[in-house]
Structure formats: C-alpha cells, structure tokens
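Input: a single structure, listed below in structure tokens.
Numbering (the working numbering), first residue to last: 4 to 184.
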C-alpha cells in the first residue's frame, strides 16, 4: 500500500473511531439516565400503592418496570463495553500498523482498564445494579405477598415476575465484566 493509500485508510479509521466514540458517549448518557428513570418509576409506583389506604397489589407494577428498564440499561451497558472492545481489539491494531513505529494509538482505551481498583469498582457497580434492578422489585413482591390480596391471578403474576427478575439478575451478573483486561 502506498503512503497516500495509508493516509486515506488512516483518516477513514479515525473517522470511524470518532463515530463509534460518539455512539458510546450517547449510550453512556442514555444508560445513566435509565437509573434516574428507574428510581422515578419506583417512587411513582410506591406512592400510588400507598395512597388511599394502601393498595399493595399495585406494587406488582414495580417488577415489570424494573425488568424493562434494567434490560434496557444492561443492553446499553453491553454496547458501551463492546464499542470499547472494538476500539481496543480492532481499530487500534489496524491504525497502529499505519503508524511509523507501530505503536498503539488509543492508549486511554486500555490504560483506564489497568487501574488496580477497577475490579472493586466493578463489584460495587454490580451490587448497585442488583440493588436497583433485582432487590428492589423482589422487596416489592415480598410486600405484596405479605400484605396484598391473595387472588390467584395476582399470585401467578407475581411468580412470573419473580422469574423475570431472576433472568435479569443472571444476565446482569454474566455481563458484569469482573475479569482483568
């Protein structure tokens, strides 16, 4: 490949990098806002269930809201990580072959993962994610089971919701990225 061709390829790779970084930034903002949306939906559901003498069966709305928002959070978080992996494992090496000394180009994409406290931060993030998307909806179900009307359809719904929460919990743990870079 000629110098001019290498320069064109290099520019195209930089443009691709800028585009995937922009997508990553947008996904990070969206993902982080999902935390606030989840908290707001939980607060609204709890408020409605307590109004007018209390209607614990309304707490059955909390698990599906948590699972829906939690799944969306998880998918975005995984795409954010996938973009980082793509930059580190694909774009960086291709661009490095065009660099005069074949050095890595996007050092920050790897450097921030080398922090010795990364694993402890990831564990704390996992705990926070589980608290919000698994423990809170299970707590709502426990309140319903202990205080709500024991009507067969509502109990069946609550059991199905428990299974949905379990599936989401497993997925959150599987995607937690607790290994070293």
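We treat Cβ as the ideally placed atom computed from N, Cα and C, and that holds for glycine.
Compare the beta carbon distance of residue i and residue j with 9 Å and say whether it is the shorter of the two.
{"i": "residue 65", "j": "residue 157", "result": "no"}
{"i": "residue 42", "j": "residue 175", "result": "no"}
{"i": "residue 95", "j": "residue 113", "result": "yes"}
{"i": "residue 159", "j": "residue 128", "result": "no"}
Is residue i helix, strand or coil by DSSP?
{"i": "residue 82", "result": "helix"}
{"i": "residue 70", "result": "helix"}
{"i": "residue 181", "result": "coil"}
{"i": "residue 58", "result": "coil"}
{"i": "residue 64", "result": "helix"}
{"i": "residue 105", "result": "coil"}
{"i": "residue 110", "result": "coil"}
{"i": "residue 100", "result": "coil"}
At which residues does the alpha helix (DSSP H) containing residue i begin and terminate?
{"i": "residue 165", "result": "155-177"}
{"i": "residue 118", "result": "Segment: none, residue 118 is in no alpha helix (DSSP H) and carries neither H nor E."}
{"i": "residue 4", "result": "Taken as a continuous stretch (DSSP letters only), residue 4 belongs to no alpha helix (DSSP H), as it is neither H nor E."}
{"i": "residue 149", "result": "139-150"}
Report the option in the options whose CA atom is closest to the CA atom of residue i.
{"i": "residue 171", "options": "32, 138, 114 and 58", "result": "138"}
{"i": "residue 40", "options": "89, 107 and 69", "result": "69"}
{"i": "residue 22", "options": "52, 58 and 83", "result": "83"}
{"i": "residue 79", "options": "31, 115 and 110", "result": "31"}
{"i": "residue 8", "options": "160, 115 and 98", "result": "98"}
{"i": "residue 153", "options": "5, 24 and 59", "result": "59"}
{"i": "residue 52", "options": "144, 179, 25 and 177", "result": "144"}
{"i": "residue 85", "options": "128, 24 and 56", "result": "24"}
{"i": "residue 19", "options": "115, 109 and 55", "result": "109"}
{"i": "residue 27", "options": "107, 81, 163 and 116", "result": "81"}
{"i": "residue 116", "options": "181, 6 and 5", "result": "181"}
_With three or more beta-carbon pairs closer than 8 Å as the criterion, would you say the region 128-136 touches the region 61-77?_
yes
*Given 8 Å as the limit, is there contact between the region 87-103 and the region 46-65, that is, 3 or more CB pairs closer than that?*
no
*Does the region 161-174 touch the region 111-129, meaning 3 or more C-beta pairs lie closer than 8 Å?*
no
_Would the region 10-17 count as touching the region 29-45 if we require 3 or more Cβ pairs under 8 Å?_
no
*Touching or not, the region 75-93 and the region 144-162, by the rule of three or more beta carbon pairs under 8 Å?*
no
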